[in-house]
Amino acid sequence: LGMQIPMPSIGAIAMGALVAVVVLIFRWLGIFLMVVLLGGGPKLGALATLNLSQVSEFALVICSLGMGFGHINEDTMTIIIWCFAILAIASSYIMGYSLQIYKKA
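Numbering (the numbering used here), first residue to last: -8 to 96.
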């Protein structure tokens, strides 16, 4: 997978950042909403959502297989790689400061 990373372009990085924002929004809609509806409370829902804000490495494997079979193109793989990189870096800080983020929100 590491050898498949093409030369970065501004468009791919921007699209990866946009996909990362969309992932974070849908995490809040999916995880937070389900935890609160199931009686876990807003604190547990927020902390669970913040700690699960990363895209899985499995997404890279699935995209790599899809690219190998011709289902997706190289641009899609590049966007997923940048989204993964952005969220991997951001989620380490988000997890470290999740309680402070919850208290300020």
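In this text, a Cβ means the ideal position worked out from N, Cα and C, and glycines have one as well.
Note that the structure is predicted; figures quoted are calculated from it, not measured.
Presumed contact (8 angstroms Cβ cut-off) between Met86 and Leu41, rounded CB distance: Reading the sequence shown from its first residue, position 95 is the one you call residue 86. Reading the sequence shown from its first residue, position 50 is the one you call residue 41. Contact flag correct, Cβ pair sits at about 7 angstroms.
Limits of the alpha helix (DSSP H) - the one that Trp73 falls within: Counted from its first residue, the sequence shown places residue 73 at position 82. Element bounds for Trp73: Glu65 to Gly87.
Neighbour-count burial assignment, Phe60, 16 or more Cβ in a 10 Å radius: Position 69 of the sequence shown, counting from 1, holds the residue named residue 60. Exposed, because fewer than 16 other Cβ atoms sit within 10 Å of the Cβ of Phe60.
Cβ separation of Ile77 and Ala5, assumed to be a contact under 8 angstroms, to the nearest whole Å: Locating residue 77 in the sequence shown gives position 86, counting from the first residue. Locating residue 5 in the sequence shown gives position 14, counting from the first residue. About 11 angstroms separates the beta carbons of Ile77 and Ala5, which is beyond the 8 angstroms limit, so they are not a contact pair.
Residues near Ile22 by beta carbon distance below 8 angstroms, same chain, minus five either side: Looking up residue 22 in the sequence shown gives position 31. Within the same chain, Ile22 has close Cβ partners Gly36, Ala39, Thr40 and Leu43.
Cβ neighbour criterion (16 or more within 10 Å) applied to Val26: Here residue 26 is taken as the residue at index 35 of the sequence shown, counted from 1. Its Cβ being crowded by 16 or more others within 10 Å, Val26 is buried.
Closest by C-alpha distance to Pro(-3), when choosing among Tyr93, Thr69 and Ala79: Locating residue -3 in the sequence shown gives position 6, where the first residue counts as 1. The candidate whose alpha carbon is nearest that of Pro(-3) is Thr69.
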